[in-house]
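The numbering of the sequence shown is UniProt numbering, which starts it at 1 and goes up by one.
A virtual CB, placed ideally from N, CA and C, is assigned to each residue, including glycine.
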Amino acid sequence: MTARDEILARIGRAVAGAPDVEIPRGYRTTQQAGDLVELFAERVGDYRAIVHVIPEADVPGRIDELAGSRRMIVPDGFDRAGGWADLGTADGVITGCAVAIAETGTIVLDHGPGQGTRAQTLVPDRHLCVVRAGQIVAGVPEAVARLDPSRPLTWISGPSATSDIELNRVEGVHGPRTLEVIIST
1 MTARDEILAR
11 IGRAVAGAPD
21 VEIPRGYRTT
31 QQAGDLVELF
41 AERVGDYRAI
51 VHVIPEADVP
61 GRIDELAGSR
71 RMIVPDGFDR
81 AGGWADLGTA
91 DGVITGCAVA
101 IAETGTIVLD
111 HGPGQGTRAQ
121 TLVPDRHLCV
131 VRAGQIVAGV
141 PEAVARLDPS
151 RPLTWISGPS
161 ATSDIELNRV
171 EGVHGPRTLE
181 VIIST
């Protein structure tokens, strides 16, 4: 028995006989005041992400331009031919997202089709994420309502960064150093 199996068995024994409770998911929502695309672009830019707001028809060409000769991982289900499969030598990853939050400038991946695995989105130094205007919601409650709580979720608010004790910002410590977002309208 592995340690994982042992832990899951203990959890199973601990909850055995517990009533099956439905968790209410009636989250508060916010007013959709203003242009969500504009607000999201501003907020994700505040996190030092590079932002491009372009028409849907221009997205494939912009992806090719931004990827250039870099070795990019293109996850299964992403609408683009080709890609670099080796995580250890990839320069970056190109993904879509599950939802984006205008108020916080946050992108949420549920690692469904076209979003890659957690490793694919956290290991390479560059993340190019395509967000469709229809995926942008005003606030966190609307985002949570759109997400499946049983899926693995990665919440991204800008490039990976941390600060040391002297408040010197260090980027790329826990994920991609560069986040580039294409918002398709």
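Span of the alpha helix (DSSP H) around residue i
i: E142; result: V140 to R146
i: E38; result: L36 to D46
i: V15; result: A3 to V15
i: E65; result: V59 to A67
Whole-Å CB distance - residue i paired with residue j, under 8 Å assumed
i: R177; j: S163; result: With a Cβ gap of about 15 Å, R177 and S163 do not count as contacting.
i: Q135; j: A100; result: 5 Å
i: D110; j: A119; result: 15 Å between Cβ atoms; not a contact.
i: I94; j: L128; result: 5 Å
Where residue i sits in the DSSP three-state scheme
i: L109; result: strand
i: A100; result: strand
i: L122; result: helix
i: E180; result: strand
Residue i classed as buried or exposed, judged by whether at least 16 other C-beta atoms fall within 10 angstroms
i: V108; result: buried
i: M72; result: buried
i: G77; result: exposed
i: V181; result: buried
Extent of the continuous beta strand (DSSP E) run through residue i
i: R126; result: R126 to R132
i: G92; result: G92 to T95
i: A161; result: A161 to S163
i: H52; result: I50 to I54
i: residue 192; result: Residue 192 is absent from the structure shown; the chain starts at 1 and stops at 185.
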